[in-house]
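Worksheet: the structure to be examined is printed underneath.
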Amino acid sequence: MSASGVNSTCDSTESRCSFLNLTCGQLYTFTVMGHTNVCMSEMSTPIEKLSAPCPPTNVSAELNCTTLNAVVSWSSASAATAYSVQATSLNGDNSSCSEMGTSCDLSDLVCGQHYSVVVEAMHTGCSGPASTPAWLVTEPCVPMKLSVHYNVSTAQVMWAAARGASSYSVQAVADLGSGVTCNTNNTTCSMNGLQCGQIYNVTVMARNTVCDSMISETSRLMTEPCPPTNVQVSMACEQLTATVSWQQSDLAVGYVAFFDNQGLMCGTEYNVWVKALGQQYNSSDSAVVSFTTEPCQKSSITAIMDCEADSATISWQPSVGVVSCVTELTASSGHITSCTTNNTNCQLSSLQCGEEYNVTVKALGNTCNQTAHMAGHLTTEPCVPMNLSVHHNVGTAQVMWAAARGATSYSVQAVADLGSGVTCNTTNTTCSVNGLQCGQIYNVTVMAQNLACNSTSEPYHHMTEPCPPTNVQVSMACEQLTATVSWQQSDFAVGLMCGTEYNFWVKALGQQYNSSDSTVVSLTSAPCLPREVEIEVDCIHDGAAVVSWNATYGAANFSLTAMVSGSLLSLCETQQNSCNVTGLSCGETYNLSFTASNEQCSLSAPMHANLTTRPCPPQRVDVSLQCGSHTAVLSWEERSDVELYVANAIKTSGGPVQTCNSTGSTCQFASLDCGETYNFTVTADSQGCRSQASSTVSIQTEPCQPVIVSAQMLCQSEQVQISWYQASGVVNYLVTTTGSLGYVKIHNATQSIPAATLPCGQDYNVTVQAQGSDCDSIPSSPAFFKTAPCSPSDVTTYAQCEFNMGSVCWGSSDGAETYVAVATGLDGHAHQCLTNSTDCSWNDLQCGEEYTVVVRARNGNCTSLPSNSSIIYMDPCVPQNLAATVNCDMKVVSLSWDASNGTNVYMVSGEAGNETTVLTTNVTTAHFSGFSCGLNYILTVTPQNQHCPGNSSASASIQTWPCPPAGVSTRQDCLSGIVM
Numbered sequence: 001m002s003a004s005g006v007n008s009t010c011d012s013t014e015s016r017c018s019f020l021n022l023t024c025g026q027l028y029t030f031t032v033m034g035h036t037n038v039c040m041s042e043m044s045t046p047i048e049k050l051s052a053p054c055p056p057t058n059v060s061a062e063l064n065c066t067t068l069n070a071v072v073s074w075s076s077a078s079a080a081t082a083y084s085v086q087a088t089s090l091n092g093d094n095s096s097c098s099e100m101g102t103s104c105d106l107s108d109l110v111c112g113q114h115y116s117v118v119v120e121a122m123h124t125g126c127s128g129p130a131s132t133p134a135w136l137v138t139e140p141c142v143p144m145k146l147s148v149h150y151n152v153s154t155a156q157v158m159w160a161a162a163r164g165a166s167s168y169s170v171q172a173v174a175d176l177g178s179g180v181t182c183n184t185n186n187t188t189c190s191m192n193g194l195q196c197g198q199i200y201n202v203t204v205m206a207r208n209t210v211c212d213s214m215i216s217e218t219s220r221l222m223t224e225p226c227p228p229t230n231v232q233v234s235m236a237c238e239q240l241t242a243t244v245s246w247q248q249s250d251l252a253v254g255y256v257a258f259f260d261n262q263g264l265m266c267g268t269e270y271n272v273w274v275k276a277l278g279q280q281y282n283s284s285d286s287a288v289v290s291f292t293t294e295p296c297q298k299s300s301i302t303a304i305m306d307c308e309a310d311s312a313t314i315s316w317q318p319s320v321g322v323v324s325c326v327t328e329l330t331a332s333s334g335h336i337t338s339c340t341t342n343n344t345n346c347q348l349s350s351l352q353c354g355e356e357y358n359v360t361v362k363a364l365g366n367t368c369n370q371t372a373h374m375a376g377h378l379t380t381e382p383c384v385p386m387n388l389s390v391h392h393n394v395g396t397a398q399v400m401w402a403a404a405r406g407a408t409s410y411s412v413q414a415v416a417d418l419g420s421g422v423t424c425n426t427t428n429t430t431c432s433v434n435g436l437q438c439g440q441i442y443n444v445t446v447m448a449q450n451l452a453c454n455s456t457s458e459p460y461h462h463m464t465e466p467c468p469p470t471n472v473q474v475s476m477a478c479e480q481l482t483a484t485v486s487w488q489q490s491d492f493a494v495g496l497m498c499g500t501e502y503n504f505w506v507k508a509l510g511q512q513y514n515s516s517d518s519t520v521v522s523l524t525s526a527p528c529l530p531r532e533v534e535i536e537v538d539c540i541h542d543g544a545a546v547v548s549w550n551a552t553y554g555a556a557n558f559s560l561t562a563m564v565s566g567s568l569l570s571l572c573e574t575q576q577n578s579c580n581v582t583g584l585s586c587g588e589t590y591n592l593s594f595t596a597s598n599e600q601c602s603l604s605a606p607m608h609a610n611l612t613t614r615p616c617p618p619q620r621v622d623v624s625l626q627c628g629s630h631t632a633v634l635s636w637e638e639r640s641d642v643e644l645y646v647a648n649a650i651k652t653s654g655g656p657v658q659t660c661n662s663t664g665s666t667c668q669f670a671s672l673d674c675g676e677t678y679n680f681t682v683t684a685d686s687q688g689c690r691s692q693a694s695s696t697v698s699i700q701t702e703p704c705q706p707v708i709v710s711a712q713m714l715c716q717s718e719q720v721q722i723s724w725y726q727a728s729g730v731v732n733y734l735v736t737t738t739g740s741l742g743y744v745k746i747h748n749a750t751q752s753i754p755a756a757t758l759p760c761g762q763d764y765n766v767t768v769q770a771q772g773s774d775c776d777s778i779p780s781s782p783a784f785f786k787t788a789p790c791s792p793s794d795v796t797t798y799a800q801c802e803f804n805m806g807s808v809c810w811g812s813s814d815g816a817e818t819y820v821a822v823a824t825g826l827d828g829h830a831h832q833c834l835t836n837s838t839d840c841s842w843n844d845l846q847c848g849e850e851y852t853v854v855v856r857a858r859n860g861n862c863t864s865l866p867s868n869s870s871i872i873y874m875d876p877c878v879p880q881n882l883a884a885t886v887n888c889d890m891k892v893v894s895l896s897w898d899a900s901n902g903t904n905v906y907m908v909s910g911e912a913g914n915e916t917t918v919l920t921t922n923v924t925t926a927h928f929s930g931f932s933c934g935l936n937y938i939l940t941v942t943p944q945n946q947h948c949p950g951n952s953s954a955s956a957s958i959q960t961w962p963c964p965p966a967g968v969s970t971r972q973d974c975l976s977g978i979v980m
């Protein structure tokens with residue numbers, strides 16, 4: 001009987017009896033009475049006994065993420081004096097603690113586990129039933145097998161799955177403190193934005209809903225050295241060698257300098273870049289630096305003297321690598337003159353007469369210069385003879401002058417106004433001219449001569465004596481006794497002079513006395529006509545000139561005329577000895593006439609001089625670009641009156657003016673810079689005058705050769721990022737990508753392509769060609785890259801329904817070097833398999849799981865996108881903790897067990913001898929009511945699901961109740977009271 005008055009009885013024929021279904025935590029009083037069918041003994045002495053404590057309630061378990069111990073707490077149980085806590089993981093790991101209070105700390109817990117925590121109340125060594133289980137999730141295990149695969153600012157970090165982890169946090173911290181993080185639910189993570197020239201400590205920390213794991217072991221990642229900076233090239237011009245220098249990069253163990261051509265050649269432009277070599281990875285290319293070797297040696301230098309223009313033209317053969325040329329002439333007297341051009345000839349003026357010049361041509365390159373000398377000398381025209389004097393003596397003139405520098409001989413010429421002339425040649429500075437005619441005005445000139453040119457002095461006007469009078473006649477006036485003598489007048493005999501005012505008077509002669517003078521009468525003679533005319537054309541303004549002549553004696557009005565289109569055109573009228581003429585047409589020649597007049601007379605005469613105006617600007621100017629040669633051809637309409645055309649070209653971005661001389665209708669400009677806009681003009685030269693510049697024409701030269709900065713593949717995609725240095729004058733770019741399996745793709749782009757989609761699993765080379773409005777550049781040097789391997793196909797799983805094994809196979813992928821297969825369970829735990837073949841097997845899979853298997857292909861630092869998934873179904877787990885009981889009253893045998901993972905239904909069988917009973921259930925208990933008494937039954941539980949029939953089972957045995965006694969009889973001994 002309990003203290004609360006509840007009774008319980010038990011009958012037994014033995015000396016002991018079991019009470020079932022007592023209330024927990026109650027104080028019971030036990031008494032025993034013996035009885036027969038007839039009699040009952042007296043009650044024994046009472047014994048008090050306390051029943052087992054009740055199970056604790058409100059059990060909870062909480063993990064301390066710092067100490068990694070769990071605090072278990074519960075509500076107190078009736079009659080309990082102490083408590084025992086037992087924690088058991090699904091893998092069978094145990095932890096326990098005892099406490100007299102209502103909380104207890106569990107230690108030595110295993111990471112990544114689900115623990116079932118129960119509390120038992122105890123009283124004087126007797127433990128009560130266990131509490132309802134509370135679940136405890138421990139911190140994730142530390143990730144292991146950390147590996148890092150690096151490729152230019154991106155690291156692919158991989159690790160083995162950590163038990164109990166639901167997510168991961170990856171951290172890369174540089175020695176200098178900067179860091180990059182990455183969070184993921186998988187066992188791989190891409191870390192972007194890593195800096196070059198750094199050493200990173202890479203760690204992984206697993207996480208779940210409870211705690212974070214300890215940090216994994218550190219993997220040291222040394223990124224590639226940064227690209228070298230401050231790349232410079234210095235030329236040793238004479239040795240034709242180049243030295244490349246750069247700023248050192250951290251973590252570099254060596255360097256490689258690249259040239260885009262093999263071997264240095266004169267006059268060639270080279271691109272150079274540097275790559276730093278690291279212990280594991282190499283840097284990307286440095287910035288490209290261009291340099292040009294020294295120009296090639298000039299050859300075939302010739303010099304031609306233009307005596308009329310008083311200039312010299314120096315020419316030479318073209319050579320490569322020349323930006324411009326400086327031609328320098330040095331005389332023995334020390335006089336120096338020079339000109340600069342980017343053509344193969346140069347015209348120099350303002351040379352001194354009578355000199356021998358040494359000629360040098362210096363070819364200027366971007367970095368180096370090359371000087372060549374012309375064989376021999378350039379001899380200029382002799383100087384003009386000066387200080388002429390003439391001494392005359394009846395038909396002979398002795399001409400003298402000062403020596404002219406540079407002259408080797410002299411020629412003296414005396415030409416009369418009427419055209420007759422006399423010459424004399426000598427190597428001295430005096431010469432006798434014979435055979436001069438009387439009554440003539442001679443223009444005497446001395447011409448100095450050498451092998452190059454002639455120079456003629458200013459004319460000296462020499463008047464010979466008048467000729468003797470002719471036709472002398474005498475007529476008599478007999479009556480008056482007078483005689484009149486007459487004769488033919490001689491030229492230059494003293495008489496009236498032009499432009500002179502005369503006073504005339506008459507005196508009468510008598511026989512004895514003469515008369516006084518008559519009244520004076522004044523007369524002005526005819527105006528003098530000028531003999532020397534000079535014409536100075538205005539080379540700055542079109543259609544203008546100054547015509548001047550020698551001063552004449554006496555006052556006169558002068559009129560200058562010209563015949564134009566059959567009509568007489570008055571150019572100017574003046575009383576001076578010069579005239580400014582304007583309004584003339586450019587590029588025309590005018591025949592001038594001269595009229596002098598006064599009050600008495602008007603005289604006209606041709607001037608024997610022509611006026612040629614300044615040339616007109618060239619018309620119909622056009623320019624064409626010769627693609628691939630850096631050359632433009634300028635053309636215009638040619639005119640016969642032009643002696644020389646001078647064309648100019650200048651970049652709109654600034655720089656020196658390039659010139660080109662031509663006597664025809666075209667001019668060629670070579671070595672033009674790529675990607676520039678040039679403006680072209682041309683002028684015409686004639687008789688010392690240069691026209692205004694023509695209208696400007698422009699052209700855009702071909703784009704510069706692109707330089708690819710990077711071609712970077714984005715892993716786990718089919719996209720590549722291609723970038724290059726932008727060039728001026730580009731309409732668009734042609735980006736040609738060629739794969740190793742024959743794939744060719746051409747992209748049109750106006751700027752760098754941020755991402756282009758390419759087939760997976762191929763080695764590619766890419767070139768960039770710039771397209772201009774007229775010409776295209778040469779393609780860039782190729783860049784090389786690989787796309788990510790293709791995703792594996794035909795993924796098939798086999799070895800189904802095994803206890804801990806599974807296998808998968810797939811078709812090979814283009815571009816794959818290795819494969820990684822990942823089997824992921826329903827609870828998120830994963831198993832990896834790395835292989836270079838096309839199949840993989842695991843022997844550590846868990847029973848009762850469904851594993852989703854995906855395969856990725858790898859190549860270098862890139863991993864493909866995952867394949868289509870396939871499923872591995874594992875055999876259900878073997879049931880655990882089988883417990884068999886028998887209810888003798890009900891003649892029922894019961895079997896219970898722990899739930900088996902991955903099971904939908906259980907097949908339970910009972911077997912004793914030839915007797916077998918089978919039933920199915922979807923719960924973890926089974927009841928058999930048809931067993932026979934007195935037999936030992938083997939009870940077997942086989943788990944099954946819809947995919948696996950169940951290849952594993954567990955068994956337990958139990959003895960059924962005894963069979964009822966047979967042939968029972970009773971006999972009572974009445975004397976002794978014993979019933980038999």
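Heads up: the sequence shown at position 723 corresponds to 723 in the UniProt record's numbering, and the numbers run straight through without jumps. Built from N, CA and C at the ideal position, the CB exists for glycine as well. In this text, all values refer to a predicted model and were calculated from it rather than measured experimentally.
Under the criterion of beta carbons closer than 8 Å, N732 and T750 qualify as touching, at roughly 5 Å. Take Q171, set aside five residues on each side of it, and the residues of its chain with a beta-carbon closer than 7 Å to its own are G179, T181 and T203, in chain order. Comparing C-alpha distances from L388 to each of G421, N230, V908 and T430 shows the shortest one belongs to T430. Membership of I722 in the beta strand (DSSP E) is indicated by the continuous run Q719 to W724. Between T138 and L176, the gap from beta carbon to beta carbon reaches 8 Å or more.
According to DSSP, residue pairing for E48 in a beta bridge involves T29.
The three-state reading of DSSP puts G739 in strand, counting E and B together. Look at C840 here: in three-state DSSP terms it is strand.
Taking every protein chain shown into account, the CB of F504 has fewer than 16 other CB atoms within 10 angstroms, so this residue is exposed. A direct Cα-to-Cα measurement between T852 and S807 gives close to 12 Å. By the CB criterion at 8 Å, N366 and F291 fall inside the cutoff.
When C-alpha distances from L50 are compared across C24, G950 and S60, the shortest belongs to C24. Taking the C-beta atoms as reference points, G811 is found no nearer than 8 Å to N859. Note: Q658 is bridge-paired with A649 in the DSSP secondary-structure output. Cβ atoms of V288 and W246 stay farther apart than 8 Å, at about 12 Å. Beta-bridge analysis with DSSP links Y502 to L523.
The C-beta separation of V820 from S870 comes to about 15 Å, leaving the pair out of contact by the 8 Å criterion.
Closest option to E573, judged by alpha-carbon separation, among Q600, G902, A556 and E588: A556. In the structure shown, P129 falls within a strand segment according to DSSP collapsed to helix, strand and coil.
Taking C-beta atoms as the reference points, L603 and A544 fail to come closer than 8 Å. Looking at Q721, P703, A727 and N648, the one whose alpha-carbon comes closest to that of S695 is N648. Contact between the region 678-694 and the region 613-628 is present: three or more C-beta pairs spanning the two stretches fall below 8 Å.
Membership of S98 in the beta strand (DSSP E) is indicated by the continuous run N94 to E99.
Distance between T223 and Q248, taken at the CA atoms: about 16 Å. In this structure, the beta-carbon distance from S324 to P656 falls below 8 Å.
Counted as a single uninterrupted DSSP element, the stretch harbouring A407 is not any beta strand (DSSP E), since DSSP gives it neither H nor E. In this structure, K786 sits near M713, with a CB-CB distance shorter than 8 Å. When C-alpha distances from A727 are compared across V878, A770, A303 and E356, the shortest belongs to A770. Judged by DSSP in its simplified three-state form, P55 adopts coil rather than helix or strand. Beta-bridge partners of Y513 (DSSP): none assigned. Around the C-beta of S686, 16 or more other C-beta atoms lie within 10 Å, and the residue is accordingly described as buried. Shown here for N454: same chain residues with a beta carbon closer than 6 Å to its own, the five before and five after excluded, namely M447 in chain order.
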